[in-house]
Amino acid sequence: MRISHSHKFIFFATPRTGSTTVRNVLDRYSDISSVHVSEITKDFPFYHHISALELKRIFEQRGWDWDSYHKFCFVRNPYDRVVSLYHHYLKIRGEVSGHDLRNILRKFKNAVTSPLSFKDYVMTLDPKDRLPTSLEAFLCDEKGNFLVDDILMYENLKTELPNFLKKLNISISEDDIPHLNASANRNKYRKYCDDELKDKIEHLYPYEFNRFGYSF
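For any residue, its number in the working numbering is found by taking its place in the sequence shown, counting from 1, and adding 4.
Take a look at the structure:
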């Protein structure tokens with residue numbers, strides 16, 4: 005998450021949609037840069053993957069004008085994103101905590117010490133949890149209203165981010181956009197999914213498929 009009071013933007017970091025890269029690009033223009041959820045305090049509650057509703061409530065508490073900020077995030081093909089989530093789990097499984105850990109351990113008691121298969125991992129996913137969150141859970145208020153103005157596509161990040169920032173009078177080029185925190189040693193998502201997993205992922209993220217036309 006990044007907030008700029010001067011440029012009047014809020015970037016919401018949907019997990020595994022290039023958010024580390026985007027946060028890095030926006031750092032120089034931001035007044036508030038988020039921290040890991042374990043590092044938040046009462047005075048500084050801004051963590052990386054804070055939801056839109058959580059942040060809106062903080063704005064209201066502090067008397068900041070929510071409607072005057074341009075709010076945006078990225079979306080990613082759910083099949084590809086779930087594969088990225090899985091490799092992230094493999095990388096940090098000893099650090100998984102909170103709802104994400106409880107949801108995994110509910111079905112697989114040894115999931116932290118012994119890594120799950122991709123299929124078993126997908127079966128644990130809950131789009132209301134922090135990391136595998138759906139756009140609806142991440143960006144909507146209690147009535148289902150979206151709280152962001154623009155949703156950009158991860159697949160076109162290097163072109164869509166510069167074009168979007170031009171509207172905020174921020175000029176960057178594609179060369180200014182690194183590729184950070186990428187999953188290593190992974191195949192294309194089509195090699196991971198059988199028909200059962202394909203149906204499961206489509207069931208988890210219907211909005212992403214319907215709104216953005218993603219397909220297998």
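Cβ coordinates follow ideal geometry from the N, Cα and C atoms, glycine included.
For the stretch 80–93 against the stretch 169–179, are there 3 or more C-beta pairs whose distance is under 8 Å? Fewer than three pairs of CB atoms, one per stretch, sit closer than 8 Å, so the stretch 80–93 makes no contact with the stretch 169–179.
Could you say which of Thr-137, Asp-180, Asn-81 lies nearest to Gly-217 if we only look at CA atoms? Answer by Cα proximity: Asn-81.
Applying the criterion that 16 or more other CB atoms from any shown protein chain within 10 Å of the CB defines a buried residue, is Glu-212 buried or exposed? It counts as buried.
Give a yes or no on whether the C-beta atoms belonging to Leu-156 and Glu-146 are separated by under 8 Å. In this structure, Leu-156 keeps its C-beta atom at 8 Å or more from the C-beta atom of Glu-146.
Lys-75 versus Ile-14 - alpha carbon distance: Straight-line measurement puts the Cα of Ile-14 at about 5 Å from the Cα of Lys-75.
Proximity winner among Ile-7, His-9, Tyr-33, Ser-8, relative to Ile-176 (alpha-carbon distances): Ranking the options by Cα distance to Ile-176, first place goes to Tyr-33.
Terminal residues of the continuous alpha helix (DSSP H) containing Ser-273? Only positions 5 to 220 of the chain appear in this structure, which leaves residue 273 out of reach.
Would you call the stretch 135–152 and the stretch 5–19 touching, i.e. three or more CB-CB distances under 8 Å? With the cut-off at 8 Å, the stretch 135–152 and the stretch 5–19 touch.
So, is Arg-66 buried or exposed, given that buried needs 16 or more other C-beta atoms within 10 angstroms? Around the beta-carbon of Arg-66, fewer than 16 other beta-carbon atoms lie within 10 Å, marking it exposed.
Could you work out which residue in Ser-118, Arg-61, Leu-129 is closest to Val-87 when comparing CA atoms only? Here the closest residue by C-alpha is Leu-129.
Quick one: using the 10 Å Cβ neighbour count with 16 as the cut-off for buried, is Tyr-209 buried or exposed? Label assigned to Tyr-209: buried.
Please list the terminal residues of the continuous alpha helix (DSSP H) segment that includes Ser-23. DSSP places Ser-23 in the uninterrupted alpha helix (DSSP H) bounded by 23–30.
For Cys-144 and His-207, I'd like the C-alpha separation in whole angstroms. If you take the alpha carbons of Cys-144 and His-207, they lie about 19 Å apart.
Only counting the same chain, and skipping five residues up and downstream in sequence, which positions put a Cβ closer than 6 Å to that of Glu-140? If the five residues before and after Glu-140 are omitted, its C-beta is found closer than 6 Å to the C-beta atoms of Tyr-211, all from its own chain and listed in chain order.
Check this for me: beta carbons of Tyr-193 and Tyr-125, under 8 Å apart or not? No, these two residues do not count as a Cβ contact at 8 Å.
Where Val-3 falls: helix, strand or coil (DSSP): What the structure shows of the chain is the stretch from 5 to 220, and residue 3 is not part of that stretch, so it cannot be assessed.
By the three-class DSSP mapping on this structure, what secondary structure does Lys-192 have? In this structure, Lys-192 counts as coil in the three-state DSSP scheme.
Taking the Cβ atom as the reference point for each residue, do His-52 and Ser-38 lie within a distance shorter than 8 Å? Yes, these two residues count as a Cβ contact at 8 Å.
Measuring only the C-alpha atoms, how far is Ile-54 from Ile-62? Separation of Ile-54 and Ile-62 (C-alpha to C-alpha, rounded to the nearest whole angstrom) is 11 Å.
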